[in-house]
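Chains as they are written, first to last, in the numbering used here: chain E, 39 to 400; chain U, 39 to 400. Yeah, the Cβ is synthetic: ideal placement off N, Cα and C, and Gly gets one too. These numbers come from a predicted model, not from an experiment. Comments concern the structure below.
Protein chains: 2
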Amino acid sequence: MTDNRAVRLAGLRDALARVDLDALLVTALPNVQYLTGFSGSNALVIVTAKECVLLTDFRYATQVEQEVGMAATVRIEPSSLWIGLWSVLQAMTGVDRIGFESAHMLHRDFSRLLDQGSRWQWRPQEDLVEVLRERKDEGEIAAIEEAVAMAQKALDTTLSRLRPGLTETGVAGILEQQLREAGSEAYPFASIVASGPRSALPHARASDRVLETGDFVLIDFGAVSRGYCSDITRTVVLGRASAQQKEVYEVVLEANRRASGAVRPEMTGMAADAVAREYIDARGFGDAFGHSLGHGIGLEVHESPRLARTVEAPLATGMVVTIEPGIYRPGWGGVRIEDDVLITESGGRVLTSFPRTLLEID
Amino acid sequence: MTDNRAVRLAGLRDALARVDLDALLVTALPNVQYLTGFSGSNALVIVTAKECVLLTDFRYATQVEQEVGMAATVRIEPSSLWIGLWSVLQAMTGVDRIGFESAHMLHRDFSRLLDQGSRWQWRPQEDLVEVLRERKDEGEIAAIEEAVAMAQKALDTTLSRLRPGLTETGVAGILEQQLREAGSEAYPFASIVASGPRSALPHARASDRVLETGDFVLIDFGAVSRGYCSDITRTVVLGRASAQQKEVYEVVLEANRRASGAVRPEMTGMAADAVAREYIDARGFGDAFGHSLGHGIGLEVHESPRLARTVEAPLATGMVVTIEPGIYRPGWGGVRIEDDVLITESGGRVLTSFPRTLLEID
C-alpha cells in the first residue's frame, strides 16, 4: 500500500500546484484514509509539497502506527488536534496559502481557521482528493471485489431462507448476520429490505411489515472489505410472479443490461444514464424511474463520479460505478437491479455476478 | 407526540428570545427530528416566533406527511432546499437576525448564507436545541426503555451462543441478527466485540480474531426504537476467570455501582465522573480508566450531557446517561460495564437490568 499512497500524495501535490496552494488541510475522513491509510474517527492531515503530517489522539496510538507506517508523520495530540495543527504549521516555512475542504469543514472549525489560524491564508476547495479517488488502483479493485463476493454470499443464503411470514427487519437480520459471517467489516449503509407496496419507495429501510405471497422483495445492501464497499440490489418475487411483475422486471433488467454493456471510458455520466432511461421511457415507464442511474463506490458507498442526467464529466478507466435502473409504481411496488461495474479500456466489466433473472421463491 | 413537539418549539422560542434572534435555521438532522418528527436524511427547518417551516425533497413526500402532520409547515422543494429557504424567508416579515447551528453547518453551506442569503444577519449558535434535548419526556423515556429491552434480549441470546472458535465478527453477526429479531430499527454505532488482548482497546470494533478459552469478551452495542437509542456494555469470560480477571472485574463493577447509585439532580458531570474514578484510583488502577464516565443518550447515541472530568454542568431530572467505567491493560485485556441511567428526583434509576455479575461461559 505504501507505494500507492506515495502515488496518491504525488497526485494531490500536482493538484495543489495547479491551484497555487502551499498546502491542503484534509478533514474528510475517507480522504485521510485514502492518503495515509488511517481509518480512525478523529484526524487532521496537512499535506504540503514536502510533508504529510497526520494528527490524532491517544486512543488511536497503536492503530495509527500499524495503519500509517511511513506514509505520514504522525503526531498524537494530548488535547485538541487544532492546537497541534497550529504548532505544526508554525514550524513549516513557505506555507502561507492553505486550502481546506469546504464540503467537509464545519462552520465551528472554519471559525478556528479565522481566529487562531489567522496568520495563514485559508482558501476553500472542493473535490481535490475526491477526484483522485475516482480511478481505482489494483489493490482498491481487489478490495471492492472482496466486498462484492461477501455481499453475494450473504444474499445467496438470505434468499434461500426467504418465506412469507418473515418481517423485513427479520430478513435484514439474516442478511446482516450472513454479511458478518462472510467477513464484512461493517454495513456501508442501512440495509434496505422493502416488500410489497413498500418496494415502490426508493429510500425505504427495513420495517416490521410481514412478507406475503405475491410480494416483490427488494434488497439493497453492501459489504465492506479493507475499507472498500460493494453495493448491490436484487428484487425477487415470493411465489409466482404476475404478468405485470414480469413485464416491469424485464424492462428494468434490459435497462440494466444495456447500460452495463454501454459504459466505457470517455462516455459522459449523462450519456450512460440516458442509455437506461431512454429504454425505460420507450417501454412506457419513463415517469417511474425517479432517480439517477448510478454512482461511484470505493471508500464511501456514494462517491464521485455520478451517472445522472446533468453530469457532463466523462467516465474513465479504473472507475467503479453502480448501474441501478429501477421502476417504482406507488401503491403497487417497484423493481431495482443494481450491479457494480468497473470501467476498463474495452468497456464495462460487471463485478457482481449474482443471477439477474427473475427469481420466484416458493 | 404533537403536544410534546409544541412544548419543544415553545422552549426553543424562549431560547431565541433570550439570545435576541428572530429565527433559527436548523440543519442538524436529530434536531429536525426532535422539533418536527421528520426522520429523513435531507431537510432544513426554520423556526421563528410564529412559524416552523420544514423543507425537504420529493423522495420524502409521503414520509414527511406521515411523520410531521401539523407540527410544521412542509414544503417539498423541486430542486435545492436552499432556493426554497430564500423564498420562505423573503415571505416573512420581521425576520432579520437568524441563528444557525455552527457545529452542524458545513463551510460550503455557510458560504450560501453569506452569498444568496446576504440580506439577512446570520449569527452562529451552539446547542440551542441540544440543551432542550437533554431532559427527556415520558414518550422519549419509554422509547429508550424499548431500545434497552431489545438490546438485553439480543445480548441474552448472543451470550448463550458464545463459544471458543467463533470470530468477533461472527459474534457481532449473531448479536445484530438478534437485534433485528427484537425489532431494532438500526444499529446506533458499529458494534464492538473485542476479545482477549483486544478488549483493552476502548475503540475496537469487531475483527476476525478467533475467541479462545480464557478470553475476556467485551460487547458494547445498542438498539434503536422509534428513533431513540440504548447503549450497553457487558464483559464476560470464556471459561473460568483467573484471579486477576476477577479482581479487575470487581473493581469496575463496584465503580459502576457507586456511580449509578450516586448520580442525582444538581450533581455536576465532574462529580459523577469522580465517584467512579476515585474508587478505581484508590484500588490502584487509576491510569487504566482512560475515558470519561458517560454521556447522554437519546435520538443520538452520544449527546449532551457529558459525565467527564471537566464538566461543571449539573445533571437534572429527565436526563438519561450512560455510566460506563472501565479498566484497560494493554496486551492483557480490559473490562467495561455500561448501564443506561435515568436521573430522577430521588436519584439514578438504572434502566438496564441485564445481570452485572461476572459471567463465566463454559
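query: Same chain only: Cβ atoms within 7 Å of Thr40 of chain U, ignoring 5 sequence neighbours per side; result: Because Thr40 of chain U carries a pLDDT of 43, less than 50, the predicted location of this residue cannot be relied on, and no value is offered for it.
query: Chain E residues whose Cβ lies nearer than 7 Å to that of Gly221 of chain U; result: Thr207 and Asp246
query: Chain E contacts from the stretch 274 to 288 of chain U (Cβ-Cβ distance under 9 Å); result: none
query: Any chain E beta carbon closer than 8 Å to Arg218 of chain U; result: yes
query: CB contact below 8 Å: Ala189 of chain U versus chain E; result: no
query: Distance CB(Thr360 of chain E)-CB(Asp258 of chain E) smaller than 8 Å; result: no
query: Chain E within 8 Å of Thr40 of chain U, Cβ atoms only; result: For Thr40 of chain U, the predicted model reports a pLDDT of 43, less than 50, meaning its position is unreliable; a value from the coordinates is still stated below. No, no contact with chain E.
query: Backbone secondary structure at Ile318 of chain E - three-state DSSP; result: helix
query: Sufficient close CB pairs (3 or more, under 8 Å) joining the stretch 316 to 330 of chain U to the stretch 210 to 218 of chain U; result: no
query: Residues that Leu144 of chain U contacts on chain E, provided the C-beta gap is smaller than 8 Å; result: Ser140, Ala141, His142, Met143, Leu144 and His145
query: Glu178 of chain E versus Arg264 of chain E: straight-line alpha-carbon distance, rounded; result: 9 Å
query: Element boundaries [alpha helix (DSSP H), containing Asp95 of chain U]; result: Looking at the DSSP string, Asp95 of chain U is not in any alpha helix (DSSP H); the run it does join, the beta strand (DSSP E), is Cys90 to Asp95.
query: Validate contact between the stretch 47 to 63 of chain U and the stretch 373 to 380 of chain E using beta carbons, cut 8 Å, 3 pairs; result: no
query: Nearest residue (CA-CA) to Met143 of chain E, options E:Arg157, E:Gly132, E:Pro162 and E:Leu127; result: E:Pro162
query: Neighbouring residues, chain U, relative to Ala224 of chain E (Cβ below 7 Å); result: Ala228
query: 8 Å Cβ cutoff met for Ile121 of chain U and Trp160 of chain U; result: no
query: Three-state secondary structure (DSSP) of His241 of chain U; result: coil
query: Cutoff 7 Å; reference Phe327 of chain E; Cβ partners in own chain excluding five residues on either side; result: Arg315, Ile318, Pro363, Gly364 and Ile365
query: Closer than 9 Å at the beta carbon, the chain E residues around Ser149 of chain U; result: Ser140 and Pro162
query: N- and C-terminal bounds of the alpha helix (DSSP H) containing Phe148 of chain E; result: His145 to Leu152
query: Rounded C-alpha distance that separates Gln282 of chain E from Ala192 of chain E; result: 29 Å
query: Burial state of Arg295 of chain U, where buried means 16 or more other Cβ atoms lie within 10 Å; result: buried
query: Ala261 of chain U beta carbon less than 8 Å from that of Arg243 of chain U; result: no
query: Distance between Pro68 of chain U and Ser125 of chain E (C-alpha atoms, nearest Å); result: 35 Å
query: Three or more C-beta pairs below 8 Å linking the stretch 245 to 253 of chain E and the stretch 192 to 211 of chain E; result: yes
query: Residue-chain proximity (Pro303 of chain E, chain U), Cβ-Cβ < 8 Å; result: no
query: Ser342 of chain U, enclosing alpha helix (DSSP H) - first and last residue; result: Segment Glu341 to Leu345 is the beta strand (DSSP E) holding Ser342 of chain U; no alpha helix (DSSP H) there.
query: Rounded distance between the beta-carbons of Tyr266 of chain U and Ala185 of chain U, thought under 8 Å; result: 6 Å
query: Per-residue burial, Lys88 of chain U [other beta carbons within 10 Å of its own, 16 or more giving buried]; result: exposed
query: Residue range of the unbroken beta strand (DSSP E) whose run includes Gly137 of chain U; result: Arg135 to Glu139
query: Residue-chain proximity (His241 of chain U, chain E), Cβ-Cβ < 8 Å; result: yes
query: Residues from the stretch 113 to 125 of chain U in contact with chain E, defined by Cβ distance under 9 Å; result: none
query: Residue environment, Ser342 of chain U, which counts as buried when at least 16 other CB atoms sit within 10 Å; result: buried
query: Contacts that Glu214 of chain U makes with chain E (C-beta to C-beta distance below 8 Å); result: Gly211, Glu214, Gln215 and Arg218
query: Backbone CA spacing between Met188 of chain U and Ser222 of chain U [nearest angstrom]; result: 7 Å
query: Selected residue, minimal CA-CA separation from Gly385 of chain U, among U:Met357, U:Ala141, U:Arg113 and U:Ser118; result: U:Met357
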